[in-house]
Structures are given as C-alpha cells and as structure tokens.
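These notes concern the structure reproduced below.
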Amino acid sequence: MTHASADPQPVAGTLRPEAAEEVAQIRASVVEVLDEQADLRRTHELMVGAQGHDPRLHELLTAELGLLGLVVPEHLGGLGLDVSAATAVIEELGARLVPGALATSLAAVLAARALGPSAEPLLARVVDEQLTLASALAEDGAGWDLERTATRATGTGDEWALTGTKTLVAGVEAARVVLVTARDAGGGLGVYAVDPTAAGVDVRTHMTLDQTRRLSTVHLREAAATRVDAPGGEGPRVLLDHVRAMLALESAAAARACLDRTVEYLKVREQFGRPIGSFQALKHRCADLAVAVAGARATADHLVTTLRTGSATRSHDAALAKLVCTDTLMAVAAEAIQLHGGIGFTFEHDAHLFFKRGKSAQLLAGSPATVRAEVAALAGL
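First residue of the sequence shown: 2, per this note's numbering; consecutive thereafter.
What follows is the structure, given as structure tokens:
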C-alpha cells in the first residue's frame with residue numbers, strides 16, 4: 002500500500018508557494034505605484050512631450066523598487082527571483098501602456114540571464130549601476146531575419162568594434178547599454194553591448210504610429226563593444242525570443258485592460274432609456290472578445306512557463322505568443338473604438354492608444370505573416 006507524500010512536489014513548471022507569494026507582492030507594489038502615477042491621462046501627456054517618458058517614474062521603479070535586479074542572480078547582487086517576477090512587471094506596464102524603457106529593459110535582462118556566464122559581468126552592472134538596456138536586432142533590408150544580419154563585428158576577446166545600422170530600436174532614448182546583434186569575421190552571429198553615447202554611435206529617435214513607444218535608428222561606425230554571449234551559441238535567437246515575449250505579455254495584458262474599459266463604458270452609456278451593454282448584439286461582441294482575450298492570456302502564461310523552465314520550445318512558444326497576443330490586442334482595440342461610438346473615433350480617446358500599441362506590437366519583431374510562417378516551420382509543418 003502506498004501513501005501520498007506529506008510534502009508533495011509541485012507540478013513541473015508551476016511556482017512553489019513561496020515564489021508565487023514573492024511574485025504577488027512585487028506585482029502589488031508595482032500596481033500601487035502605477036495606479037498613482039501612470040494613468041492613461043498621463044500617457045497622453047508624455048507621448049507628445051520631448052522625452053516621451055517619465056524619468057521620475059522610471060527612477061522610482063528601478064532605483065527604489067529595484068525592478069531591474071529582480072531576476073539577476075544573488076551572487077551578482079540581484080534578488081535572484083523567478084523569471085515570472087519580471088514578466089509580471091512587464092504585464093502591468095503593458096496593461097497601462099506606460100511609455101518608457103522599463104519593459105524593454107526587463108526583456109533584455111531576461112535574455113542576458115538566459116545567455117549564461119558570458120553575460121554575468123553585464124548583469125552585475127545592471128544592479129550596481131541601475132543600467133537600463135535596449136535590444137537592437139532589426140536592419141533595413143533584413144528586417145528581423147537574423148540570418149541576414151549585416152552589422153559587422155571586428156576584434157577579439159574583450160575588445161570589439163561594430164559597424165552597421167540598426168532600425169526599430171525601442172527604448173534606446175533612455176538606455177545606457179544597447180544589446181546589438183552583429184556578425185564577426187568568421188560569419189558567426191553574436192550579441193554585443195554598446196554604450197549609445199559612445200564615440201561612433203549616432204541615435205536618431207523617430208515619432209511613429211505608436212507614440213507611447215518611440216523607435217530609433219542606431220548608426221554604428223567602429224563603435225566600441227563588449228561581447229556578452231558565447232561564440233557559437235544561440236545568443237541572437239535568445240535576444241529575439243525575449244523581445245517577442247515582452248510584446249506578447251504586454252499585449253495580452255493590454256487586451257484585457259482595453260476590454261475591461263470597454264465593458265465598463267457599455268454599462269453606463271445609455272441609449273433608448275437603457276445601458277447599451279444590455280443589448281444582445283453588443284453582449285455577443287464582448288463575449289467573443291472575452292474568449293479571444295482568455296486565449297491570449299493562456300498563450301502568454303504558457304510562454305512564461307517555457308521561459309521559467311528553459312524549455313527547448315522557447316523560440317516556437319515566443320513566436321506563437323507574440324502572434325496570438327498582438328493579434329488579439331488589435332482585434333479588441335478595433336472593436337473598442339466602434340463600441341465607444343462617436344467618441345471612440347476621436348484622436349484623444351484612450352481606445353486609440355490601445356489600437357496604436359497593438360499595431361506597433363504586431364509589426365515589431367516580425368510581421369504577422371513572417372511570424373506565422375516561422376511558427377509553422379518551428380512546428381515542423
């Protein structure tokens with residue numbers, strides 16, 4: 002006769018209770034700060050400002066709450082928490098469309114953690130110097146196709162110089178280190194850390210469709226760099242997967258927030274003497290959106306488990322989640338504009354912020370068509 006263990010082990014991939022409690026506490030702390038200082042009215046103000054983000058909020062979240070060091074190992078000065086601590090923060094930032102570089106930086110920190118010992122000096126600096134990071138992968142003519150990377154890296158050991166141009170770089174206006182994908186003399190791809198203010202680096206920030214996330218072009222001309230991944234490894238792919246993970250997590254949370262806001266509006270907006278949310282046709286539309294949002298949430302949660310466990314399906318799951326979650330945000334935001342009626346079509350309405358974030362998220366890190374084909378290939382179809 003067998004007996005159940007008095008201390009059963011958690012199901013593979015699930016958080017232990019103590020880790021789950023830590024993540025919940027971090028999420029609650031972030032929510033408290035964001036609810037006070039990062040509502041959508043503030044986002045409207047920031048997106049047309051010169052800086053495009055709130056430096057004071059960034060300082061509060063990084064220096065005081067220590068969010069950049071959440072998942073950095075303890076021996077490097079970080080808190081050494083589970084990956085889901087950082088993904089929870091990314092979700093809360095995404096739900097509120099917070100402008101700035103914190104989400105992109107957390108994605109880069111997660112990628113650096115996954116790179117192993119070669120990235121440890123960088124992670125130690127992230128904690129010691131409160132470094133904000135950005136990731137630069139895309140290029141003109143190549144898009145996000147890593148195999149077509151043309152940026153060149155020359156050098157050896159700890160001394161490298163990069164030459165090339167990176168496009169669609171998010172968060173670089175606030176970053177102190179940019180992680181750049183480049184090809185060495187032997188044709189191998191690698192990830193290199195570059196100071197965006199150093200000689201040989203020229204950053205041009207653009208105003209794009211999504212004003213809550215500014216994108217930049219980074220020109221490199223023999224710019225000094227340090228390699229942060231192991232030669233012959235999959236560093237560039239790790240970086241791309243984590244950019245996609247960030248977009249997926251943000252989008253799933255934003256879709257939920259956008260739907261919640263829309264439902265609340267339908268409850269109070271009256272027509273023909275009754276709330277329009279009581280009309281069956283609108284109920285059906287919201288129900289369809291709720292199903293889509295639940296699917297996106299499940300896909301994002303599965304991706305977090307993949308990142309936590311180091312599953313070999315990381316690239317497939319990141320691409321799939323990016324595709325599903327960004328498409329869902331676009332669908333919800335488009336419906337939200339219509340369900341808000343005449344006011345929904347005005348530029349000043351919040352629904353437009355979700356719509357623009359959804360469209361930019363769809364196109365960053367690979368267009369829907371490109372990512373869909375990649376998912377099929379990774380699945381062996």
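Just so you know, even glycine gets a beta-carbon here, dropped at the ideal spot from N, CA and C.
Practice task
Report the three-state DSSP secondary structure of P74 (helix, strand or coil).
Solution key: coil
Practice task
State yes or no: is the C-beta of A51 within less than 8 Å of the C-beta of V72?
Solution key: no
Problem - Under the three-state DSSP convention, the category S6 falls into - result: Low local confidence applies: a pLDDT of 40 at S6 is under 50, so the model's placement there is unreliable, with the coordinate-based value given in what follows. Looking at S6 - three-state DSSP - the assignment turns out to be coil, as it is neither helix nor strand.
Practice task
Could you tell me which residues DSSP puts in a beta bridge with H220?
Solution key: T166 and D203
Problem - Distance between H350 and Q363 (C-alpha atoms, nearest Å) - result: 21 Å
Practice task
Take V179 as the anchor and find which of V204, H317 and D196 has the nearest alpha-carbon.
Solution key: D196
Exercise for the section: Quick one: measure Cβ to Cβ for R215 and M208, integer angstroms, because I've assumed they're closer than 8 Å. Expected result: 7 Å
Problem - Beta-carbon contacts of V99 that lie in its chain and below 6 Å, excluding the five residues immediately before and after - result: A39
Practice task
Select from P74, R309, E148 and G70 the residue whose C-alpha is nearest the C-alpha of V127.
Solution key: G70
Practice task
Could you have a look at T105 and say whether DSSP puts it in helix, strand or coil?
Solution key: helix
Problem - Euclidean distance between Cα positions of T133 and L58 - result: 13 Å
Exercise for the section: Specify the secondary structure class of S136 as computed by DSSP and reduced to three states. Expected result: strand
Problem - Chain-order list of residues whose beta-carbon lies under 8 Å from that of L116 (same chain, five-residue window excluded) - result: V192, V229, D230, A231, G234, G236 and V239
Exercise for the section: Within the same chain, show all residues whose beta-carbon is closer than 7 Å to that of R28, passing over the 5 residues directly before and after it, in chain order. Expected result: A89 and E93
Practice task
List the DSSP bridge partners of W161.
Solution key: G156 and A226
Problem - the region 360-374 contacting the region 261-276, beta-carbon criterion three pairs below 8 Å - result: no
Exercise for the section: Work out the CA separation of V376 and T329 for me, nearest whole Å. Expected result: 17 Å
Handout entry: Exposed unless 16 or more other CB atoms sit within 10 angstroms - verdict on R222
Key = exposed
Practice task
Return helix, strand or coil for L61, following the three-state DSSP convention.
Solution key: helix
Exercise for the section: Determine the burial state of V292: buried for a count of at least 16 other Cβ atoms within 10 Å of its Cβ, exposed for fewer. Expected result: exposed
Problem - Endpoints, beta strand (DSSP E) assigned at A194 - result: L190 to V195
Exercise for the section: Tell me whether E375 sits in a helix, a strand or coil according to DSSP, three-state version. Expected result: helix
Handout entry: L250 to P74 span [Cα, whole Å]
Key = 23 Å
Problem - T157 classed as buried or exposed, judged by whether at least 16 other C-beta atoms fall within 10 angstroms - result: exposed
Exercise for the section: Take every Cβ of the region 253-272, pair it with every Cβ of the region 336-345, and state whether three or more of those distances are shorter than 8 Å. Expected result: yes
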